[in-house]
Amino acid sequence: MEEQEEYLLTQLEAQGKKIAKYRKQLTELTYSSQPINCSLMLKICNRLNRHIAAFDRINQQLLELDAVC
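Residue numbers (our numbering): -3 to 65.
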C-alpha cells in the first residue's frame, strides 16, 4: 500500500507541475501586448484540462486508498 501511495503522490506532483506550466503559458499569452493566438490558446487550454482531469483522478485514487487504510 505504501508503495502505491508513494507512486500516486509522485504522479500527483508531476501533474501539478504540468498544470502550473500550462497556467503560466496561458497567463503569459493573455497578458502579452500581442494579439491572442486563438489556436495556441485552445491548445494550451486543452492540455491544461487534460492534466487537471488526470490530477483529479489521481487525487481520487489517493482518497480511496486512504479510506481503505
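A virtual CB, placed ideally from N, CA and C, is assigned to each residue, including glycine.
Sub-8 Å separation of residue i and residue j beta-carbons
i     : j     : result
Leu44 : Leu4  : no
Ile48 : Leu8  : no
Ile40 : Gln11 : no
Supposed close pair residue i, residue j - CB separation, criterion 8 Å
i     : j     : result
Ile15 : Leu25 : Not confirmed; about 16 Å, so no contact.
Glu2  : Leu61 : Incorrect: roughly 11 Å between the Cβ atoms, too far for contact.
Residue environment, residue i, which counts as buried when at least 16 other CB atoms sit within 10 Å
i     : result
Tyr18 : buried
Residue nearest to residue i in terms of C-alpha spacing, selected from the options
i    : options                    : result
Thr6 : Asn42, Ser28, Phe51, Glu60 : Phe51
Boundaries of the alpha helix (DSSP H) in which residue i is found, first to last residue
i     : result
Asn42 : 34 to 64
Gln21 : -2 to 27
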